[in-house]
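Here's the structure, in structure tokens; my notes come after.
Residue numbers (this note's numbering): 15 to 542.
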């Protein structure tokens, strides 16, 4: 797997400027990496020949949909689903698709290893009288040599196809961060291996032994046990996430097959070619975005866009035009389905409900609301910055009916200022201005150094003397570390990770969030 291509593919400018976010993963050394999740599509495609789904009497695999008395079975779409998953950069997803049992066993082993590694780092930091962040700064971050121009150019050249119109200077920061991330992983792995020789790590049970009793100790680090419950709980999130990603791939392929059938049927009814319908209903209605629309998009999203308006103009225009096309395709699909004899039988995986604790995280809305959203976030994570305004916009329509909680999950190996930003946000929360303050953090993610964090406190109207006193100490560090530790237990592997009544969000868009909230309301106990 070419990891350079994988990571920089996600950093292409068109991804960076879109408001629909992926996630920032933890380092593979300490935990598993998560890639952005596929989103179901209902895109009609131009076709000149009618697809040939299996007739009902011939079906030998589960029926996924029925369109005008024709069935579409799992076997009909399996080749396209397989191709979609094989093209996904996440090796873990591909393994899960091919051999679920093998993938789960490997995931359990990785989870145990990650927990042992985290405990080793915490133990060594405590032994030296340092915070974990300061310990990692000394042993890892300070030893990362700046990449050379030649190394930066080599990565850029290897990824030109994914980067579109972006020139080297506009993506240089992302390339540098990627190369630093690689070196960080190598140094981190070497550090953990050294710590295993100077600390006591005892394994007492195989993590994949069937039917282990509750309370079974799998391993211990310097006498502190890791019990089976911690791994079992973490696996709920992993399995659900993988099932949902496979479901999304199936739904995407199935939607396209259904839409093709409906377009062909409509074309036959009108006695015209399918391409005529696509042209009249979609292609001819797409208009180039105006300069005002491009400028407005840039202003609304410039905190997450690399480069100035001139360098991003072409990608913004393409993105806005693609939005138009997506909306038109969705409208055509909805119209054709409404008038067709149509049944969707593909079932969404059953959600794994986790007991995610809100702790004392800053919150809004009624604490007794039927629906609670808990987000684990990193204030330096661009994906979190992209998701935050989406959450804000969606929650406007719910008012106090939804309880929204933020917990910290700074990815300190990837984002040098993330922990300090979390500490600053806690200091702002102590003065009742958490939400006002984090607006500045998400809008200024490239400037989260201590001086900037203090400047934002002034701009948010905080008592600077009190803020500075709180920020300059480790007063809130124990709370931040508890968030991180509990997040790892819940299966948090990347940011943002969002739970809605204990169910992990898998579609990071306004539509995905709203749908998850409505499902949570539907599942919530009825109140008198």
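The C-beta atom is built at its ideal place from N, Cα and C for all residues, glycine as well.
Return the residue from the list the options that minimises the CA-CA distance to residue i.
| i | options | result |
| --- | --- | --- |
| residue 533 | 356, 403, 387, 269 | 387 |
| residue 226 | 211, 243, 239 | 243 |
| residue 381 | 418, 406, 164 | 418 |
| residue 272 | 335, 354, 233, 302 | 354 |
| residue 454 | 493, 495, 279, 403 | 403 |
| residue 245 | 514, 118, 392 | 118 |
| residue 433 | 83, 85, 148 | 148 |
| residue 401 | 512, 504, 216 | 512 |
| residue 5 | 137, 185, 277, 459 | The structure shown has nothing for residue 5, since the chain only spans 15 to 542. |
| residue 251 | 537, 308, 501, 489 | 501 |
| residue 427 | 98, 124, 88, 154 | 154 |
| residue 116 | 151, 222, 278, 186 | 222 |
| residue 398 | 412, 409, 420, 349 | 420 |
| residue 88 | 445, 467, 266 | 266 |
| residue 440 | 481, 313, 150 | 481 |
| residue 416 | 538, 172, 102 | 538 |
| residue 376 | 367, 390, 385 | 390 |
| residue 530 | 359, 409, 75 | 409 |
| residue 506 | 104, 368, 173 | 368 |
| residue 114 | 253, 356, 104, 469 | 253 |
To which residues does DSSP link residue i through a beta bridge?
| i | result |
| --- | --- |
| residue 149 | BP columns for residue 149 are empty, so no partner. |
| residue 191 | Answer by DSSP bridge pairing: none, since residue 191 is not bridged. |
| residue 211 | Paired residue(s): none; residue 211 is not in a bridge. |
| residue 216 | 234 |
| residue 377 | 419 |
| residue 241 | 231 |
Just reading off the alpha helix (DSSP H) that residue i is part of, what are its end residues?
| i | result |
| --- | --- |
| residue 174 | 174-177 |
| residue 403 | 396-410 |
| residue 454 | 448-457 |
| residue 462 | From DSSP, residue 462 is part of no alpha helix (DSSP H); its letter is neither H nor E. |
| residue 131 | 114-141 |
| residue 418 | Run containing residue 418: none in the alpha helix (DSSP H); it sits in the beta strand (DSSP E), 416-422. |
| residue 482 | 478-485 |
| residue 440 | 432-444 |
| residue 529 | 524-537 |
| residue 319 | Per DSSP, residue 319 belongs to no alpha helix (DSSP H) and is neither H nor E. |
DSSP three-state label for residue i, please.
| i | result |
| --- | --- |
| residue 389 | strand |
| residue 490 | coil |
| residue 285 | coil |
| residue 226 | coil |
| residue 356 | strand |
| residue 361 | coil |
| residue 77 | strand |
| residue 85 | strand |
| residue 278 | helix |
| residue 514 | strand |
| residue 158 | coil |
| residue 202 | helix |
| residue 263 | helix |
| residue 104 | coil |
| residue 349 | helix |
| residue 467 | helix |
| residue 253 | helix |
| residue 335 | helix |
Could you check whether the Cβ of residue i sits closer than 7 Å to any Cβ belonging to chain D?
| i | result |
| --- | --- |
| residue 184 | Here chain D cannot be found, since the structure has a single protein chain. |
Expressed to the nearest angstrom, what Euclidean distance is found between the alpha-carbon atoms of residue i and residue j?
| i | j | result |
| --- | --- | --- |
| residue 129 | residue 111 | 25 Å |
| residue 525 | residue 200 | 39 Å |
| residue 96 | residue 520 | 20 Å |
| residue 344 | residue 535 | 26 Å |
| residue 259 | residue 80 | 23 Å |
| residue 108 | residue 479 | 53 Å |
| residue 292 | residue 256 | 34 Å |
| residue 495 | residue 373 | 12 Å |
| residue 122 | residue 192 | 27 Å |
| residue 341 | residue 461 | 35 Å |
| residue 167 | residue 78 | 47 Å |
| residue 286 | residue 295 | 13 Å |
| residue 304 | residue 240 | 58 Å |
| residue 185 | residue 274 | 38 Å |
| residue 503 | residue 145 | 21 Å |
| residue 395 | residue 411 | 26 Å |
| residue 517 | residue 365 | 6 Å |
| residue 464 | residue 437 | 10 Å |
| residue 313 | residue 392 | 23 Å |
| residue 207 | residue 132 | 12 Å |
| residue 215 | residue 493 | 26 Å |
In the DSSP assignment, find the unbroken beta strand (DSSP E) run with residue i in it and report its ends.
| i | result |
| --- | --- |
| residue 97 | Premise fails: residue 97 lies in the alpha helix (DSSP H), 88-100, not in any beta strand (DSSP E). |
| residue 366 | Element bounds for residue 366: n/a, residue is neither H nor E. |
| residue 232 | 231-235 |
Sorry if obvious, but does the Cβ on residue i come closer than 6 Å to a heavy atom of the ligand HEM?
| i | result |
| --- | --- |
| residue 482 | Although the ligand HEM was asked about, the structure shown includes no ligands whatsoever. |
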